[in-house]
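Visitor: Every position in the sequence shown, counted from 1, becomes a number in our numbering once 80 is added. From the three backbone atoms N, C-alpha and C, an ideal C-beta is built for every residue, glycine too.
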Amino acid sequence: MARTILVTGGGASGKSRWAISQFEACDNVLYICPGKLDEDTLNRISYSNNKNYVEWDIRENVTGRPCELFNKHKFAVFDDLSTYTVRVMEEMCPDISLMNSDMEKQIERRIIDDVMDMYEAMKLMEGDIVIITTETGFSLKPENAVQLARHNILGMVNQRIANVSSDVYLSVSGIQFKIK
């Protein structure tokens, strides 16, 4: 049975490390990173792959719809929704001065649709996917317009994705707590 897992937490709280550990002995895992994969995470994946004699399909700087990368992968990690939110914001509203509540809702809808497409693709393959996101509920509301829009959009996206995920984990100081 397919599992859809959301792991949330603050920056550098161990979310990526935990997600990698979920599939460390699995072959042909799809690791999607909307931005540039940091050196520490890349080294962790390489070490795990070498230790377990497996090979992962790592995709960085993903700009298109993530589900288009799924190709018979039984397992996937999407790292992370925060970076993806910024990418979609830049694509759909390059001039932040034009951002309004209608535009925020359109961006939310696009991101939620993209995550749901990934969930559906994994269901069809009876596989598991881990979505990594940053928890916005622990931070102050930013004053910078771009950061505020990201904060608002990501907060709503996180809520919707958490509701449809089969499992949700909170990562704090390298320890993960199952909250759903």
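Who are the near neighbours of E215 in its chain, counting only those whose CB is closer than 8 Å to its CB and skipping five residues on each side?
Guide: For this step, residue 215 is matched to residue 135 along the sequence shown. Cβ neighbours of E215 beyond the five flanking positions: T88, G89, G90, N238 and L250.
Visitor: Indicate whether the contact test is met: 3 or more Cβ pairs, each with one atom in the segment 118–131 and one in the segment 172–180, closer than 8 Å.
Guide: Contact fails: fewer than three Cβ-Cβ distances are below 8 Å.
Visitor: When you compare the segment 184–194 with the segment 220–237, are there three or more beta-carbon pairs, one atom per stretch, that lie closer than 8 Å?
Guide: Short answer: they touch.
Visitor: With burial defined as no fewer than 16 other Cβ atoms inside 10 Å of the residue's Cβ, what is the status of G217: buried or exposed?
Guide: Taking the sequence shown and counting its residues from 1, one reaches residue 217 at position 137. By the neighbour-count rule (16 or more Cβ atoms within 10 Å), G217 is not buried but exposed.
Visitor: Let me know the beta strand (DSSP E) ranges lying completely inside the segment 182–235, each 3 residues or longer, listed in chain order.
Guide: Entirely contained in the segment 182–235, the beta strand (DSSP E) runs reaching 3 residues are, in chain order, 208–214.
Visitor: DSSP state of E117, grouped into three classes?
Guide: The residue given as residue 117 occupies position 37 in the sequence shown. One detail in the question is off: residue 117 reads as Leu in this sequence, not Glu. Coil, per DSSP.
Visitor: DSSP three-state label for K51, please.
Guide: Since the first residue shown for the chain is 81 and the last is 260, residue 51 is missing from the structure and cannot be characterised.
Visitor: Would you give the residue range spanned by the alpha helix (DSSP H) that R167 belongs to?
Guide: Working through the sequence shown from its first residue, we reach residue 167 at position 87. Here the alpha helix (DSSP H) through R167 covers L161 to M172.
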